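Quick note on numbering: my numbering labels position 259 of the sequence shown as 270, and the sequence is numbered without any gaps.
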Amino acid sequence: MADNCFHCGQKLEAEEILFDQKQFCCLGCKTVYEILNLNGLEDFYAMNRDAGVRPDDKANRHFEFLDTPEIFEKVVDFSDDGTTLVTFHIPVIHCTSCVWLLESLHEIHPTINYSTVHFSQKDVQVSFKDQEIKLSEVARLLTQLGYKPTVNLQSLNKKQDGHDRTLLLKIGVAGFCFGNIMLLAFPEYSLPFSNNSPEAWLEGNKEFFRWGMFLLSLPVMFFSATDYFKSAWQGIKNKFINIDVPIAIGFWVLFLRSTYDVIFDLSPGFFDSIAALAFFMLIGKWFQQRTYKALAFDRDYKSFYPIAVVKIKDGIEEPSLLSDLKVGDRILIRNEEIIPADAVLIRGEAMIDNSFVTGESKLIRKNPGDKIFAGGKQSGSVIELEMIKNVNQSYLTQLWNNEAFQKADSGLNRLTNSISRYFVITILFIALASAVFWYFYDSTQIMQVVTAILIITCPCALALSSPFILGNVMRILGEKKFYIKSTSVIESMAKTNEIVFDKTGTITENQSAEVKYSGEELNVNELSEIKSVLKNSNHPLSRILYEKLRTNQLISVQHYEEIFGKGQIASVNGKEIKIGSKSFVGATDITPVNQTQVYISADGKIKGKYEFQNLYRKGLENLIEKLDEYGLSILSGDNDSELAKLKTIFPERTNFHFNQSPEDKLLFIEKLQSQEKEVLMLGDGLNDSGALKQSDTGIVISEDINNFSPSCDAILDSKNFAFLPEFLRFSKLSIKLIWTAFLISFLYNIVGLAFAISGNLEPVVAAILMPISSISVVIFATLSTRLSAKMIFKNLE
C-alpha cells in the first residue's frame with residue numbers, strides 16, 4: 012500500500028483519507044483531486060507524479076478585502092466592460108505541471124476567460140468576468156488548488172522586487188566557509204613535524220581540525236549549494252537531465268567521500284574543494300543572472316519603441332515621444348491608435364477596442380469623463396484625453412508580446428536545449444568510464460578525476476552563447492532605431508529570401524507628395540469639413556492631405572468610420588462626407604489615370620479629387636541595389652499609375668500587384684510561404700496588419716505617429732529605412748557568431764575534459780575555470796557584435 016499522498020506526494024502522517032481507491036494526506040488534496048477529475052484535468056497527474064501542491068488548511072483565509080474599491084483599483088491591471096485582469100504572485104509554482112494546471116483555470120471555472128503563467132517571475136495573470144465572480148473568489152479558487160497568492164503592500168503598490176539577495180548571501184556563506192576551512196586545513200599542508208615543535212601540537216589535534224572542516228562544510232552543502240540539488244531533483248522527477256545533475260553528483264561524491272575519510276581517519280578529505288567549488292560556481296551563477304537582467308532591462312526600457320502621440324499644448328498640436336509625456340498632459344488619439352496610458356476622455360466620441368489587453372474584440376462606447384485604460388485602441392473619430400497615469404513602457408511591452416501575436420519559438424533556443432541535454436548525458440557516460448579506468452589504474456585519483464570532469468564540462472557557456480549574442484544584437488539594432496519584438500526575429504531575418512514592400516507610406520515619403528486638386532471649387536466651410544474628417548485617420552494619404560489643406564477651422568465629426576483599403580466616411584454639419592477611392596465614393600469619371608487619387612463626395616455628390624504624385628524615400632534606389640540576392644514584390648492598395656516609375660527603381664524580377672485589399676495581401680504572403688519562401692514584409696501597419704502578422708518577419712515603418720502595432724515583429728524608424736540591407740546582413744552575421752561561440756564552448760570543454768580525464772586538473776581549478784568560460788563567452792559576444800556592427804554600419808552613420 013502506498014505511503015504517500017496521491018496528489019502532493021507527501022508522506023501520510025497526521026491522517027489518511029481514502030477516496031476513489033487512492034490515498035490522500037488531507038481533505039485539501041482530496042478536494043483538489045476531485046476538482047481536477049470533475050473538469051477533465053486528470054492528465055495533471057500523468058504529466059508529473061507528485062507534482063501537486065498541498066493546500067494549507069490554515070491558509071483558507073478570507074480575501075474579501077480585495078473587493079473594496081480602493082484596494083481593487085491598486086491590485087488589478089485592467090478592469091472594463093465586465094472583464095478584469097489581475098496578476099498574482101504565487102511562490103509555490105515549481106514545475107511544468109503547475110504551469111499546466113494554472114493555465115487551465117478556465118476549464119475549472121467558466122467565469123475565467125484565460126490565465127497565463129510567467130514561470131520565471133512565479134506570476135499568473137488571470138482574466139475573469141467580474142460581473143460573475145469577485146476578485147476575492149478568484150484568489151480563493153487559487154488557494155483551494157494549493158496556489159495561494161501573495162497579496163501584500165508590495166503587490167498593492169505594484170512594485171517589483173528590488174534585488175533578490177539570497178544568492179549573494181549564499182556566496183557570502185560559501186566564501187566564509189571556504190576561507191575558514193583553508194585555515195583549518197593548514198596542518199595538513201605544513202612541513203614534517205618534530206616532537207617538540209608547534210607543528211607537533213597541530214598534528215596531535217588534526218582530528219579536531221578535520222571535524223571542524225566537516226562542520227563548516229555543512230552550511231555549504233545544505234544552504235549554499237541547495238539550488239543545484241533542487242534543480243537536479245526537479246529535472247530527474249520530470250525525466251529530464253539538466254545541466255545541474257552532474258554538478259549535484261560532483262558535490263555529493265566529494266562530500267560523502269570526504270566524510271568517509273574523516274570518520275576512518277584516512278585523509279582530511281576534500282572539504283576545502285567543496286567550499287571553493289560552491290563559492291566560484293555561485294559567482295558564475297551570479298554573473299549569469301546579472302547578464303540576463305541587463306539584457307531584460309535593455310529590452311524593456313532602453314529599446315524604447317519610436318512611437319509618439321499628438322500632444323496638445325497651449326492649443327497647438329505637436330508630436331511628442333511617450334517618454335516625454337506626464338500626468339496631466341492632453342493628447343489626441345486618432346482612429347486605430349493605441350492609448351499609451353490610463354486617461355480620462357475629455358472630448359470626442361470614443362469607441363474603445365480592448366482586444367490587445369483582454370483578447371476579446373469588442374467596441375466599448377465611452378463618454379466624456381470616463382476612464383480609459385492603457386492598451387485600448389480607438390476605433391472612430393479623433394478623441395482628446397487627459398493622462399492620469401504615466402506611460403508604463405513595460406506594460407506596452409507586454410501588449411506587444413501578447414501570445415496572440417507570437418510566432419514560432421526560437422530554433423536556436425530549442426537547439427541549445429537539445430545540445431545541453433545530450434551533452435550532459437555524454438559527460439555522465441565519460442565520467443563513469445573514467446571512474447572505471449582509474450579504479451584499476453590508480454583508485455586514489457577517482458574522486459579528483461570524476462569531480463573535475465563533472466565540473467569543467469558544465470555547459471553553462473554553451474547555454475549562454477545564443478541569448479547573450481542575440482541580446483547584444485537586439486541592443487545594437489535598438490540603437491539604430493530598429494526595434495524588434497524578440498531575439499527570434501533576428502533568426503527569421505537571417506533566413507529571409509523574399510521581401511515584400513507595401514507602397515504608400517512604406518517606400519513613399521508621407522509628407523513630401525505633390526498634391527493637385529481637380530473638380531468643383533471648394534469653399535472654406537467645405538475645406539474645413541474635409542480636413543475635420545481627415546484629422547481622424549492615420550493613413551499616409553490622409554496625413555499628407557490634412558497637412559496640405561490651408562484652413563485652421565475644425566468641426567465636430569460624428570459617426571466616423573474608416574474602411575481599410577477603401578476610405579473613410581463621417582457626418583459633418585449634417586452632411587455625409589466620403590473620402591477615398593473612386594469606387595468607394597461612387598465616382599464614374601473615365602479620365603485616364605496617371606496619379607494616385609483620393610475622391611471627395613458630400614451627400615452622395617462627387618465634389619472632385621486630389622491627385623498625388625508620390626515622392627519615394629531617399630536612398631530607395633541604393634537600397635534595392637543591395638537586395639540583389641532576394642526575391643522582391645510590391646503590394647499596393649492603389650492603382651498602377653506609378654508602375655513605370657517603379658520599374659525604373661526595382662529590378663525586372665520584381666512582382667508588382669496593385670489594387671490589393673488587406674485580404675489580397677494576406678493571401679499573397681501565404682502563397683509565397685507555400686512555395687517554401689521565408690517572407691519579410693514592410694508596411695505601415697494599417698491596412699496590411701494581417702499580412703504583417705502572416706509573414707515570417709513583419710516590419711512596420713514608423714513616422715512621427717503612434718505606430719504601435721502588436722501584429723508586427725519589429726518597428727523601424729523611417730529615417731533609417733535605407734539601413735534595411737545592413738540590418739539583414741547583420742542578422743545573418745549574428746547567427747554565424749553564435750555558431751562560433753558554440754565552437755569556442757565545445758573546444759573549451761574538450762580541452763578541459765582532456766586534462767580532467769588524465770588526472771591533471773584539480774576540482775577547485777575546474778570550479779574557477781567554469782565561470783571564466785562564461786565570462787569569455789560574454790566578452791566574445793560583446794566584442795564580436797560591436798565590431799561587426801561597426802564594420803557593417805560604418806558608412807551609414
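The beta-carbon is built from N, C-alpha and C at its ideal position, and this holds for glycine as well.
All of these numbers come straight from a predicted model, not from anything done at the bench.
Rounded to the nearest angstrom, the gap between the Cα atoms of Arg-358 and Leu-396 is 7 Å. Judged by pairs of C-beta atoms under 8 Å, the region 527 to 544 does not touch the region 655 to 672, as fewer than three such pairs exist.
By the criterion of a C-beta distance shorter than 7 Å, Asn-191 is surrounded in its chain by Leu-227, once the five residues flanking it on both sides are discounted. With respect to Leu-267, Met-224 sits apart: the two C-beta atoms are not nearer than 7 Å. Here Ser-745 is near Val-484, since their CB atoms are less than 7 Å apart. Shown here, Ile-294 sits in a helix according to DSSP, grouped into three states. Beta-carbon to beta-carbon, Asp-513 and Asp-695 are separated by about 6 Å, close enough to satisfy the 8 Å threshold. Comparing C-alpha distances from Thr-517 to each of Ala-352, Gly-619, Met-692 shows the shortest one belongs to Met-692. For Phe-757, the three-state secondary structure derived from DSSP is helix. Under the three-state reduction of DSSP, Leu-631 is assigned to helix. Segment contact: the region 113 to 129 against the region 81 to 90, fewer than three CB-CB distances shorter than 8 Å; contact not assigned. Rounded to whole angstroms, the separation of the alpha carbons of Lys-747 and Glu-773 is 34 Å. Here Leu-29 is bridged, per DSSP, to Gln-34. Gln-456 carries a helical assignment under DSSP once its states are collapsed to helix, strand and coil. For the pair of segments examined, the region 381 to 397 was found to touch the region 345 to 365: the number of CB pairs separated by less than 8 Å reaches three. For Val-338, there is no enclosing beta strand (DSSP E), since its DSSP letter is neither H nor E. Here the alpha carbon of Ser-548 sits roughly 6 Å from the alpha carbon of Asn-346.
Here Ala-289 is actually not in contact with Ser-331; their C-beta atoms are around 52 Å apart, not less than 8 Å. Sixteen is the threshold: since fewer than 16 other Cβ atoms of the shown chains lie within 10 Å of the Cβ of Val-762, the residue is exposed. The beta-bridge partner set that DSSP reports for Met-692 consists of Val-511, Gly-709. For Ala-354, the enclosing beta strand (DSSP E) covers residues 354 to 358. Close CB contacts of Asn-563 within its chain, under the 8 Å cut and outside five residues either way in sequence, are absent. Nearest to Ser-115 by alpha-carbon distance, out of Pro-102, Gln-136, Val-103, is Gln-136. For Glu-636, the secondary structure class from DSSP, reduced to helix, strand or coil, is helix.
If you ignore the 5 residues before and after Ile-480, its C-beta comes within less than 7 Å of the C-beta of Ser-745, Leu-748, Ile-749, Ala-752, Ala-792, Thr-796, all in its own chain and listed in chain order. Using a Cβ-Cβ distance cut-off of 8 Å, the region 334 to 343 and the region 368 to 383 are not in contact, since fewer than three pairs of beta carbons, one from each stretch, lie closer than that value. The DSSP-derived three-state label of Phe-233 is helix.
Close CB contacts of Val-184 within its chain, under the 8 Å cut and outside five residues either way in sequence, are with Pro-230, Val-231, Phe-234, Ser-235 (chain order). For Tyr-125, the enclosing beta strand (DSSP E) starts and ends at 123 to 129. For Pro-662, the number of other beta carbons within 10 angstroms of its own is below 16, and it is reported as exposed.
When DSSP states are grouped into helix, strand and coil, Phe-734 belongs to the helix group.
Residue range 499 to 506 is occupied by the alpha helix (DSSP H) that includes Ile-501. For Glu-84, the secondary structure class from DSSP, reduced to helix, strand or coil, is helix. Under the criterion of beta carbons closer than 8 Å, Ser-713 and Asp-728 qualify as touching, at roughly 6 Å.
Residue environment analysis places Trp-449 among the buried positions, since at least 16 neighbouring C-beta atoms fall within 10 angstroms of its C-beta. The region 572 to 592 makes contact with the region 609 to 616; the number of CB pairs closer than 8 Å reaches 3 or more.
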